[in-house]
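In what follows, a structure is listed as structure tokens, so that the remarks can point back to it.
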Amino acid sequence: MKKFLAVLLAVVMTFALASFAMADEIDPELIKAAQEEGVLTVYGSCEEDYLNAACDQFTKLYGIKVERQRKSTGEVPNIIGEENGNPSADVWFGGTNNPYDTAVSMGLLDNEYAPVNAAHLLSDLYKNPDGYWYGIYTGILGFMVNKDELARLNLPVPESWDDLLKPEYKDLIWLSNYNTAGTAKLVVNLMLQMKGHDEGIAYLVELDKNIQIYTKSGSGPSKNVGTGQCVIGIGFLHDGITQILDNGYDNIQLVIPKDGTACEIGPVAIFKGAKHPNAARLFLEFALSPDCVEIADENGSYQFLVLDNAEQPAAAAEFGLTLDAVWDGYDFGKAVTDTAQNVEDVITALGDAADDRFKTE
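For the sequence shown, numbering that gives the first Met the number 0 begins at 0 and goes up steadily by one.
So, in structure tokens, the structure goes:
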């Protein structure tokens, strides 16, 4: 874990060492076949501005029309699973990797095509070992707080996960829904790994007493911190940067928990049974290229990039974000096997309180 973090940090403020034009790498026959299909449908679990920018860029480069819908990461496996081998989309783009692994276990993703541009991944950590998904970015889990509201309430800024349990934070915290958001699933896995299964569940039951709202999307808390509607939001810190830089909320403070945290991997994948397989394969190549990932920070997404030929956004470093805050003990492989059961155990432990607060519609 330390090794891959060191490699990634070394490239955060440097230019790529070796970059190759996509046209020189991709089979021209694939491009031709994709253009003959002429259309692609994408479910995007990244932020909508970046989703639209990426899809529009793909159309600009290849002339292929892209239909797109923004979907929370956690809801996508349910949607595609219910379609029973006839998926309504061809490609899944962005979000967090835990629900992608759920989709792999359900047989919903395709691994028949190995993208050439995957050679630019900084580490094998950033791809499914069997080639069902490939990472394009990574981001740090933490807290976003409204400094003005905390000052008005005469409350300190929380510095750790355990701080969030303090009674003075009752009804001030927002988190996303364990059933619908990959962000919340990462919180569950982190707590159960860091504290142990039973202690982690007990922590989340106690945390529930201080949570005012569970949002459908993982970015929901960050979008409401600047207005003061949410005083403390749990989520990915690059979403907080978006609110500060793009929406002008300089009353937001970013907090990396001092007791350790986890990071997401934002993947791209092809759905099994995709109606436009060649266009989907071409989009996979595009997503793993500077043409796609380097427009993220121009559209409000400031994650660390995981390709060696892409220029990192400067904002993450400027706000003091560093991947060495990631807890070395976090086991991505264990998260793959345990997520569904972990979430079920937490919902069960919350009992009747979960009936209304964790609805998926």
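Backbone N, C-alpha and C fix where the C-beta goes; we use that ideal spot for every residue, glycine too.
Note that the structure is predicted; figures quoted are calculated from it, not measured.
Three-way DSSP call (helix, strand, coil) for residue i in this model
i	result
Cys-262	strand
Lys-126	strand
Val-230	coil
Ser-104	helix
Asn-153	coil
Lys-64	strand
Tyr-136	strand
Gly-43	strand
Gly-328	coil
Gly-141	strand
Leu-120	strand
Asp-109	strand
Phe-318	coil
Tyr-49	helix
Gly-225	coil
Gly-195	coil
Ile-25	coil
Gly-181	helix
Tyr-131	coil
Asn-96	helix
Asn-85	coil
Asp-323	helix
Gly-80	helix
Phe-57	helix
Lys-169	coil
Glu-158	coil
Asp-355	helix
With 16 other Cβ atoms within 10 Å as the buried cut-off, status of residue i
i	result
Gly-332	exposed
Asp-109	buried
Lys-31	exposed
Arg-151	exposed
Lys-70	buried
Ala-183	buried
Glu-156	First, the amino acid is wrong: residue 156 is Val here, not Glu. So Val-156 ends up on the exposed side.
Gly-93	buried
Thr-137	buried
Pro-128	exposed
Asn-223	buried
Asn-97	buried
Lys-165	exposed
Asn-341	buried
Lys-208	exposed
Lys-169	exposed
Glu-35	exposed
Lys-126	buried
Pro-114	buried
Thr-338	buried
Pro-220	buried
Asn-410	The chain is shown only over 0 to 360; residue 410 falls outside these bounds and no answer can be derived.
Thr-347	exposed
Pro-27	exposed
Thr-336	exposed
Paired residues, beta bridge with residue i - DSSP
i	result
Gln-211	Paired residues: none, contrary to the question.
Ser-175	Thr-214
Arg-69	Gly-43
Trp-91	Tyr-42, Ala-268
Exercise for review: Determine, using beta-carbon pairs with one atom in the stretch 159–173 and one in the stretch 227–245, whether at least three such pairs fall under 8 angstroms.
Suggested key: yes
**Study point:** Complete runs of the alpha helix (DSSP H) confined to the stretch 231–314 [at least 4 residues]
**Key:** 236–244, 276–286, 289–292
Point to revise | Contact between the stretch 139–149 and the stretch 254–262 (3+ Cβ pairs under 8 angstroms) | key: yes
Practice item. Determine, using beta-carbon pairs with one atom in the stretch 180–194 and one in the stretch 113–132, whether at least three such pairs fall under 8 angstroms. Key: no
Point to revise | Meets three-Cβ-pair contact criterion under 8 angstroms: the stretch 44–61 and the stretch 284–300 | key: yes
Exercise for review: State whether the stretch 56–74 contacts the stretch 302–309, with contact taken as three or more CB pairs (one from each stretch) at a distance under 8 angstroms.
Suggested key: Cβ pair count under 8 angstroms is below three, so no.
Check your understanding: Does the stretch 88–106 touch the stretch 268–286, meaning 3 or more C-beta pairs lie closer than 8 angstroms?
Key -> yes
Review point. If we count Cβ pairs, one from each stretch, closer than 8 angstroms, do we get three or more for the stretch 26–44 versus the stretch 55–67?
Key: yes
Point to revise | Inter-stretch contact at 8 angstroms, needing at least 3 Cβ pairs: the stretch 312–321 / the stretch 236–247 | key: Cβ pair count under 8 angstroms is three or more, so yes.
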